[in-house]
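Inspection log for the structure reproduced underneath, given as structure tokens.
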């Protein structure tokens with residue numbers, strides 16, 4: 057795997073492409089138990105088990121559980137905010153101004 061990274065680094069240099077070292081992670085899809093450390097120009101690349109791409113959460117087993125859980129969290133927060141707003145609508149004018 058590291059040999060591929062060296063080839064890709066060379067290609068990037070030849071084509072004047074700069075890879076951000078702040079946003080580098082990698083993911084291995086499937087049932088891979090362990091992997092060797094990967095580096096990019098001396099920087100260690102962290103392995104992640106999930107990431108967000110175009111608003112969709114993808115995990116290393118390519119199932120939807122991570123995405124569904126994140127969406128559920130967002131819906132619960134939105135529901136709580138709507139409930140608070142609705143409760144404010146039911147207050148009298150004097151109660152609203154005292155908040």
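Residue numbers (the working numbering): 57 to 155.
All C-beta atoms, glycine included, are put in the ideal place defined by N, C-alpha and C.
Check, Outcome
"Taking residue 119 as the reference, give the member of 105, 129 and 146 with the closest Cα.", "105"
"Please work out which residues of its chain come closer than 6 Å, Cβ to Cβ, to residue 98, disregarding the five sequence neighbours upstream and downstream, and give them in chain order.", "none"
"At the level of alpha carbons, what is the spacing between residue 68 and residue 140?", "51 Å"
"Please name the residue or residues paired with residue 96 in a DSSP beta bridge.", "99"
"Which two residues bound the contiguous beta strand (DSSP E) that contains residue 112?", "112-115"
"In angstroms with no decimal places, state the Cα-to-Cα distance between residue 83 and residue 117.", "10 Å"
"Between which residues of its own chain and residue 100 is the CB-CB distance below 8 Å, once the five residues before and five after are set aside?", "93 and 94"
"Quick check on the DSSP output: the alpha helix (DSSP H) that includes residue 64 runs from which residue to which?", "58-70"
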